[in-house]
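Going by this note's numbering, the first residue of the sequence shown is number 16, and it counts up by one from there. To start, the structure under review is shown below, and the notes come after it.
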Amino acid sequence: MSDPRVPGEGSVIELPCGETVRFGDLDLGMREYQCDCGDAHAVVMDVHPPERFLPDFLVEVLREAIDTTSEEMREFGTPHLMGIVMEEFPEAVVAEDASEDADVGYALVWVADFDARRLHEVVVELVIELMEHAVSHGEDEGALREFEGMMHEFDVSAFVDQYRDERDLDAEDPYA
Ligand SMILES: [Zn+2]
Numbered sequence: 016m017s018d019p020r021v022p023g024e025g026s027v028i029e030l031p032c033g034e035t036v037r038f039g040d041l042d043l044g045m046r047e048y049q050c051d052c053g054d055a056h057a058v059v060m061d062v063h064p065p066e067r068f069l070p071d072f073l074v075e076v077l078r079e080a081i082d083t084t085s086e087e088m089r090e091f092g093t094p095h096l097m098g099i100v101m102e103e104f105p106e107a108v109v110a111e112d113a114s115e116d117a118d119v120g121y122a123l124v125w126v127a128d129f130d131a132r133r134l135h136e137v138v139v140e141l142v143i144e145l146m147e148h149a150v151s152h153g154e155d156e157g158a159l160r161e162f163e164g165m166m167h168e169f170d171v172s173a174f175v176d177q178y179r180d181e182r183d184l185d186a187e188d189p190y191a
């Protein structure tokens, strides 16, 4: 957890690019932070639902398939997705605990070196890998071939574009 603290504005997060941002500068509806370094960095909070990145049915599948043994987050959700991203890109994502800054409204925040769209692609790619891994360790070879066939046709970039367009139209979900 980062110090120094600035009274009233919370702790400072050191970003992968070397710039810093205060907890209080990130609000709940923010998907991307326009940084002083000139880049936009994806911002994700624990209060954002995993449906920000994945369709409902896939979130359901993951909830059932993934054994979440962690005491703090039993149900598969955004923290797990970001955990997977951080495992793959440890240098590109920072995670901060904001739970002591009670007034910011979120307990965990992740800021990525890449922008929100790229992060979305990364999440989808990693989830597909995860599922492929799960299917390939199953007994059912037919299911594996079927899944690989499905994924062969699957265009991550096109999916992300379409998903983001649809989410933008969905006013009920400000975090998408
Ligand atoms: Zn930056």
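Beta carbons: idealized from backbone N, C-alpha and C, even for Gly.
Who does residue i pair with in a DSSP beta bridge?
i, result
"residue 151", "According to DSSP, residue 151 bridges with nothing at all."
"residue 110", "125"
Look at residue i and residue j and say whether their C-beta atoms are less than 7 Å apart.
i, j, result
"residue 130", "residue 55", "yes"
"residue 41", "residue 58", "yes"
"residue 141", "residue 168", "no"
"residue 124", "residue 111", "yes"
"residue 136", "residue 109", "no"
"residue 30", "residue 100", "no"
"residue 43", "residue 120", "yes"
"residue 96", "residue 138", "yes"
Below 8 Å on the Cβ atoms is my guess for residue i versus residue j; work out the distance and round it to an integer in Å.
i, j, result
"residue 114", "residue 122", "4 Å"
"residue 179", "residue 132", "7 Å"
"residue 26", "residue 116", "6 Å"
"residue 52", "residue 34", "5 Å"
Are the C-beta atoms of residue i and some chain C residue less than 7 Å apart?
i, result
"residue 51", "No chain C is present in this structure, which holds just one protein chain."
I want to know whether the segment 56 to 72 touches the segment 148 to 164 - three or more CB-CB distances under 8 Å.
Using a C-beta cut-off of 8 Å, the segment 56 to 72 makes no contact with the segment 148 to 164, since fewer than three inter-stretch Cβ pairs fall below that distance.
Where are the alpha helix (DSSP H) runs, 4 residues long or more, that stay fully inside the segment 26 to 99, in chain order?
The segment 26 to 99 contains these whole alpha helix (DSSP H) runs: 71 to 80.
Three Cβ pairs or more, each shorter than 8 Å: is that satisfied between the segment 156 to 167 and the segment 90 to 105?
No, the segment 156 to 167 is not in contact with the segment 90 to 105.
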